[in-house]
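Sequence positions in the sequence shown follow the numbering used here and run 80 to 835.
By construction, the Cβ of each residue, glycine as well, lies at the ideal position given by its N, Cα and C atoms.
Notes follow once the structure below has been shown.
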Amino acid sequence: LPCYSVPHDQDKNFYARDYALETIKEALCSGKAEVKPSMKPQSYPLCFAVHGPGGMGKTQIAAQFVSIHRTCFDAVLWINAENASKISQAFSEFAVELGLISEGSIDARDQSFTRDIVKRWLVNPLKDLRGGSKEKASWLLVFDGVEHGELLNDFWPYNGPGSILITSRNPYSWAVSLELKPFSTDEATEYLMKITGLEKDNRTVVSDEEKASAVTIARRLGGLPLALAQMGAIIAHQSLSFTEFLRSYEERGGQQEFLEWNIDRVRPQLSNYEHNVASVWAFDSLSLGAFELLNIMSMLDPDWIPERLFDRTEDDTKETVNYKDARNELLVRSLATRNKRDKAIFIHRLVQDVTRTRMGVTELRRVFFACVRLISSRWPFEVFTWRHGVARWEECEELFPHIERLKTLFPEITPSVDSFEDYQFARLLVDAGWYRHERGESADAVLFNNMAQSICESMKLRILEYPEYVSDNGSTMSQLNFSLAEINHNRGCIALEINEPIDALKYHKLFNKGMIKELAGKSPHDDMRLAISWNELGNAHMLNKNYQMGEECFLKSIEEMKRLKNFHPILISLPIANLGLAYWLQQKYEQALAVLEEGLQERKDVFGSDDRDSFITGRFLHALGNVKGSQDNQDKAFDYHRRALQQYKSTLGNRHHRTADVFVKVAEHHIRLKQHEMALALLDHALGAYSSAPHFMPEKVRASFKRSQALRCLQRTDEANSELSKCFKLYDENRKVKETDLSDADVDELITFWSK
């Protein structure tokens, strides 16, 4: 502290809105010095919302308030709040900037953890994280551009002793709010004078004729700050007088209706920007490069467009031609703004909307796929092998909002019978969806898979219907089939992760069937997909408690992997670990030990005894602990489980569900050793990691049940009974087991094989 994470600089042309700034100040800054934790009112956090149609200057008011009053707060945290993924990413950055976690750490990658740890600090914002002082910090959160108020629920620091400023187009039932209105004619005229440099020392230095022309322009622009800013920038840039501007525009002919526009003709709550003179004049006379850059930016995420996107020119597009000249042209016309420090561009959503409405159907499609090529050229695509790395996540975080934006716009793009460039977008969607699945956002991943599958299946039908439009039918069809197979694989993996056994088996059977048809019996090759399909099908059978079928599939996966030209024993680590679990669950303990110890040794030979390459070594240690426990060698089981916990913590972090599983296993050992306080601490870690995700219900039941056992051993009977009741409420009521009869075996029956 102090920590100021604000992407917007103060607007040197900010004008008027004093009433709005004073109202926000009274709501969010008053009485901060008197706030004491013991006297904290129920209304905390203090909250104020500024709402109104697009182009009214809501973001500028928020930025101006922050700039003026930043010294009132120890921390000011700004969030682009259009959707949940942006808010999650902002909270991840805040966790690092506030010093709550280390940058680059495993926990910093876990967005559920970073969200929770930032919320905890906002509720109890100690200035000294080491606990030496109980003094509380003051903080301000800015949620800018809230589209849907319910998105804030998961991020809201209930009862946190701070302040929250919200901007939104939507007039939700905010507790305290202010609706922004357009400038009055006098305010609009003075603002035009200010931004064109015709106001000196608060005095207007123009003739009566010029002032009358300025009043005419201000009226025609309806007092909309965005339109006034753009018009003033153009007039100043072209060194026009107001009278010259009006005369020049009228001479254009055919566009006079825009000068006769009246704000009353626009429906309430809708912005008038697209109907007024600025939306035409601001776009006219742009150079080809500036116009093309504006077109590209109209389809990207408006809140953060990294300039490095335009470092490289694609031969078949114009989007990066003379980027700096084009950018500067947009900046001087106030069609975009720039953060010089971070080398990023911002564009108003209204400017984006108007830019797209000016495009015809063909142009809209051309620009959309120019954006797809631009993002694809930077996106770190992952090869379809064993995919468990996290190295690409940082690059993905920056680019993902643009893919999400393209996904939102795609329904507006008209299909083309003779064009098959849609496939590149489908491929981008598939990989971005897998990235979201890796980050624990499986619901997002499903939506990306749905759109990609729809595109690929539609393209296959077009190839069959119009084969003459495809230069190489076989190659194009092969690419489509590759992606459709990958989608089946990804859907199956998502179902495995969220404990949906029927869907897992369905999709992995489809994936396996396709891979057998394509690759079975093929001479030695480097394509791992058939081997992967057998492993994943084995996992699906295991999730359905068919351990014998799982064993058979894992053996086939190992067999297929050994046929690869580039085979190395490390490549079969996952099916070996899974095979060991299949043997264990069938009580084939010696076979389980043999394969697990051999697989662990192979990894030790390659990665050393302190393997941090991935979580796979932890899978071996966890499984070996289970086998030793079943053989009643509890000391050895404890050792393996402790090692598994350390390995998972260093590769997956404290909040991953696999780490939580081993927290429970280690807690069981502490209960056995009568170290019940330690067991409770470990079980609390586990329950925190499982969070509120419904698909971890069985794991939460187990942790809660173990917690009740530890409490009972400590003779904390009331707490133990309460915990058991809570556990039983989560337990499937259709199992017809009485609460007092609930046993370890009942609870263990719920747990999927890799979490046991």
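In the structure shown, the three-state DSSP call for T696 is helix. Within the model, the alpha-carbon separation for E802 versus Q788 is close to 9 Å. Its chain contains W663, Q666, Y668 as the residues whose beta carbon lies nearer than 8 Å to that of S709, once the 5 sequence neighbours on both sides are disregarded; these appear in chain order. In this structure, the alpha-carbon of I573 lies about 7 Å from that of H516. Beyond the five residues adjoining it in sequence on each side, E176 comes within less than 7 Å, by CB distance, of C82, S84 in the same chain, given in chain order.
Around I655, the same chain offers V674, G678 as residues with beta carbons nearer than 6 Å, after the five sequence neighbours per side are excluded. Look at T416 here: in three-state DSSP terms it is strand.
If you draw a 10 Å sphere on the C-beta of L584, you find 16 or more other C-beta atoms in it, and that means buried.
The segment 446-509 is shown to contain no whole beta strand (DSSP E) run of 3 or more residues. For E408 and L365, the gap between their C-alpha atoms comes out near 8 Å. Secondary structure remark: continuous alpha helix (DSSP H) runs of at least 4 residues inside the segment 680-759, in chain order: 695-709, 713-730, 736-751. Using a Cβ distance threshold of 8 Å, I147 and L219 do not count as a contacting pair.
F633 sits away from A610, with the two beta carbons spaced by 8 Å or more. Burial of Y514 is indicated by the presence of at least 16 other C-beta atoms within 10 angstroms of its C-beta. Residue pairing from DSSP places H130 in a beta bridge opposite S247, E258.
Distance from the CA atom of K715 to the CA atom of L559, rounded to whole angstroms, is 50 Å.
Contact between the segment 718-725 and the segment 689-704 is present: three or more C-beta pairs spanning the two stretches fall below 8 Å. For D223, there is no enclosing alpha helix (DSSP H); the residue is part of the beta strand (DSSP E) that begins and ends at 218-225.
Looking from the CA of R642, the closest CA among Y626, L622, G600, P304 belongs to G600.
With a minimum length of 4 residues, the unbroken runs of alpha helix (DSSP H) contained wholly in the segment 161-203 fall at 163-176, 190-202.
Within 10 angstroms of the beta-carbon of Q139 lie 16 or more other beta-carbons, which makes it buried. Counting other Cβ atoms within 10 Å of its Cβ, V745 reaches 16 or more and is therefore classed as buried.
Across the structure, Q754 and T738 are spaced so that their CA atoms are roughly 20 Å apart.
Looking at the DSSP output, A619 sits in no beta bridge, so it has no partner there. DSSP places V155 within a strand segment (E or B) once states are collapsed to three. Membership of Y83 in the beta strand (DSSP E) is indicated by the continuous run 82-84. Assignment of beta-bridge partners to L205 by DSSP yields K215. In this structure, the beta-carbon distance from R412 to I313 falls below 8 Å. An exposed status is given to N232, since fewer than 16 other beta-carbon atoms sit within 10 Å of its beta-carbon. The residue among L414, L244, D382, L367 with its C-alpha nearest the C-alpha of G311 is L414. DSSP places P381 outside both helix and strand once states are collapsed to three, so it counts as coil. Checking the DSSP bridge columns, you'll see S242 partnered with L125, L219.
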